[in-house]
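Notes follow the structure.
There are 2 protein chains.
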Amino acid sequence: MELSKTSYVILGMLKLGRRTGYEIKALVDVSTRFFWAASYGQIYPELARLEKQGLVKGEVDRTNGRRPKAYELTAAGERALRDWLTSDDPLHIELRHEGALKFFFSDALTPEEQLDQLRRTRRTHEDLAAQLRAIEPESEAGKPPAPLMTLEFGIAYQEFLAGWCAEAERRLTPGQVKKGS
Amino acid sequence: MELSKTSYVILGMLKLGRRTGYEIKALVDVSTRFFWAASYGQIYPELARLEKQGLVKGEVDRTNGRRPKAYELTAAGERALRDWLTSDDPLHIELRHEGALKFFFSDALTPEEQLDQLRRTRRTHEDLAAQLRAIEPESEAGKPPAPLMTLEFGIAYQEFLAGWCAEAERRLTPGQVKKGS
DNA sequence: GGCGTCATGTAATACGTTACATGATTAC
DNA sequence: GTAATCATGTAACGTATTACATGACGCC
Chain U
5 MELSKTSYVI
15 LGMLKLGRRT
25 GYEIKALVDV
35 STRFFWAASY
45 GQIYPELARL
55 EKQGLVKGEV
65 DRTNGRRPKA
75 YELTAAGERA
85 LRDWLTSDDP
95 LHIELRHEGA
105 LKFFFSDALT
115 PEEQLDQLRR
125 TRRTHEDLAA
135 QLRAIEPESE
145 AGKPPAPLMT
155 LEFGIAYQEF
165 LAGWCAEAER
175 RLTPGQVKKG
185 S
Chain V
5 MELSKTSYVI
15 LGMLKLGRRT
25 GYEIKALVDV
35 STRFFWAASY
45 GQIYPELARL
55 EKQGLVKGEV
65 DRTNGRRPKA
75 YELTAAGERA
85 LRDWLTSDDP
95 LHIELRHEGA
105 LKFFFSDALT
115 PEEQLDQLRR
125 TRRTHEDLAA
135 QLRAIEPESE
145 AGKPPAPLMT
155 LEFGIAYQEF
165 LAGWCAEAER
175 RLTPGQVKKG
185 S
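Residue numbers (the numbering used here), protein chains in the order written: chain U, 5 to 185; chain V, 5 to 185.
What follows is the structure, encoded as structure tokens:
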């Protein structure tokens with residue numbers, strides 16, 4: 005593999021239209037961020053690298069004295085994006101979940117403390133679900149469905165996690181009958 | 005924050021009993037790996053750092069000429085673990101999901117290619133769920149419930165993701181106009 | 001004039017993986 | 001004896017975050 009996954013985020017965003025690094029970052033923050041984040045420290049150097057490889061082409065817009073450098077895909081860039089999108093290489097899928105980690109070790113706590121932590125984790129996911137719901141999507145007929153479905157996925161994902169916490173809370177609340185007994 | 009999250013994995017594993025770095029790694033691989041992984045390159049240097057900070061104590065076992073260096077928690081280490089377990093600092097929760105990323109950009113593909121990718125992602129999660137189910141847990145009465153529940157969580161999590169893919173496949177499959185399938 | 005936003009970029013640092021080097025013990 | 005497993009550790013590399021430095025433009 006030559007390109008990092010994050011460079012495909014950039015290529016993909018440029019496939020949707022000509023953009024500056026700043027705009028790419030803003031778009032990532034309201035779309036792919038919840039399953040693939042990217043920071044300026046990655047985006048700007050990566051844009052330079054992609055340009056050197058001939059996958060994107062940048063042009064400084066001087067029409068009114070400003071200096072935003074907008075990039076667009078080259079033919080080679082389109083090919084690279086397409087190859088990645090259709091490849092069947094093993095997918096990079098990774099979760100880092102401090103709440104689950106704490107829960108794993110939480111038998112060292114009192115039952116109340118253990119429940120407190122579960123509630124905190126649940127609230128975190130409820131907040132994240134609310135944040136995603138606040139992103140009002142521009143869903144028009146005829147528009148490609150994937151971005152909207154991805155947003156729905158994000159919401160369902162956070163709700164699943166919040167729901168799991170809620171069920172675990174129930175199971176660990178004293179006075180409840182244990183499952184399977 | 006002084007300690008990295010990964011050092012709490014180590015402290016937590018040592019809370020469960022005296023262990024060598026090798027054993028910690030093996031334990032992580034069948035338990036926390038799916039929401040917090042760790043490699044030798046992290047574990048051994050981190051153990052050394054934790055010992056310098058007085059949170060763990062290592063002793064070389066020379067009873068029969070071997071050299072496994074087993075570590076255990078010190079009182080300070082127990083305190084550090086407990087403080088982390090009960091703290092209400094924002095949780096580090098992060099997902100990197102290449103399948104979701106591809107799906108987000110997949111409107112650039114033909115419907116068949118798009119479905120192919122969804123199926124690949126689904127199969128990945130189905131495989132992961134199967135792997136987790138293969139981990140036979142030692143669930144005895146009186147044993148702490150969290151590790152077992154965490155395993156159940158892992159399975160439910162992978163199944164949720166596989167299920168979401170299946171539903172997306174259904175939604176993107178053109179209505180049964182064709183015959184002969 | 002000052003604030004917010006647009007805009008680009010770098011440096012320091014942290015985090016993490018992989019591959020490598022080394023060697024003992026155990027089971028066949 | 002030889003293969004698997006136990007066991008420790010480092011070096012090189014890659015990936016990513018954070019903070020910082022810089023400055024223009026538009027609006028109030």
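All C-beta atoms, glycine included, are put in the ideal place defined by N, C-alpha and C.
For alanine 41/U, no alpha helix (DSSP H) segment is defined, and its DSSP state is neither H nor E. Taking C-beta atoms under 8 angstroms as the contact rule, lysine 9/U and tryptophan 40/U qualify, at a distance of about 7 angstroms. If you compare the alpha carbons of Cys169/U, Gly16/U, Ile28/U and Pro151/U with that of alanine 74/U, the shortest gap goes to Ile28/U.
Counting only residues of its own chain and dropping the five nearest sequence neighbours on each side, glycine 58/U has a CB closer than 7 angstroms to the CB of Thr78 and Ala80. In the displayed model, histidine 101/V falls within a strand according to three-state DSSP.
Residues of the segment 36 to 61 of chain U with a C-beta less than 8 angstroms from any C-beta of chain V: Thr36, Phe38, Phe39, Trp40 and Ala41, listed in chain order. DSSP places arginine 53/U in the helix class (H, G or I) of the three-state scheme. Within chain U, the residues Arg100 have their CB atoms less than 7 angstroms from the CB of glutamate 98/V, given in chain order.
Rounded to the nearest angstrom, the Cβ distance from glutamate 173/V to leucine 113/V is 14 angstroms, too far for a contact under 8 angstroms. At a Cβ-Cβ threshold of 8 angstroms, phenylalanine 109/U and serine 35/V do not count as neighbours. One finds Phe39, Thr154 and Phe157 in chain V with Cβ atoms closer than 7 angstroms to the Cβ of alanine 104/U, taken in chain order. Excluding its 5 nearest sequence neighbours in each direction, proline 115/U has C-beta neighbours in its own chain below 8 angstroms: Leu176 and Pro178, listed in chain order. Ranking Arg137/U, Ala150/U, Glu102/U and Leu136/U by CA distance to the CA of threonine 125/U puts Glu102/U first.
Contacts between alanine 150/V and chain U, judged by CB atoms closer than 7 angstroms, involve Phe107, Phe108, Ser110 and Asp111 in chain order. Boundaries of the beta strand (DSSP E) harbouring glutamate 63/U: 60 to 64, taken from the DSSP string.
For glycine 167/U and leucine 155/V, the gap between their C-alpha atoms comes out near 16 angstroms. In the DSSP assignment, leucine 77/V is bridged to Val60/V. For alanine 170/V, no Cβ of chain U is located within less than 8 angstroms of the residue's own Cβ. One finds Leu95 and Ile97 in chain V with Cβ atoms closer than 9 angstroms to the Cβ of threonine 125/U, taken in chain order. Separation of the CB atoms of glycine 16/V and leucine 85/V is rounded to 6 angstroms, and the pair is thereby assigned contact status at 8 angstroms.
For arginine 86/U, the nearest beta carbon of chain V is closer than 8 angstroms to its own beta carbon. Leucine 89/U places its beta carbon less than 8 angstroms from that of lysine 106/V.
Using a CB distance cut-off of 8 angstroms, lysine 29/V does not count as an interface residue toward chain U.
DSSP lists Tyr75/U as the bridge partner or partners of arginine 23/U. What valine 13/U touches in chain V, judged by beta-carbon distance under 8 angstroms, is Leu105, going in chain order. Per DSSP, alanine 138/U is one residue of the alpha helix (DSSP H) stretching across 115 to 138.
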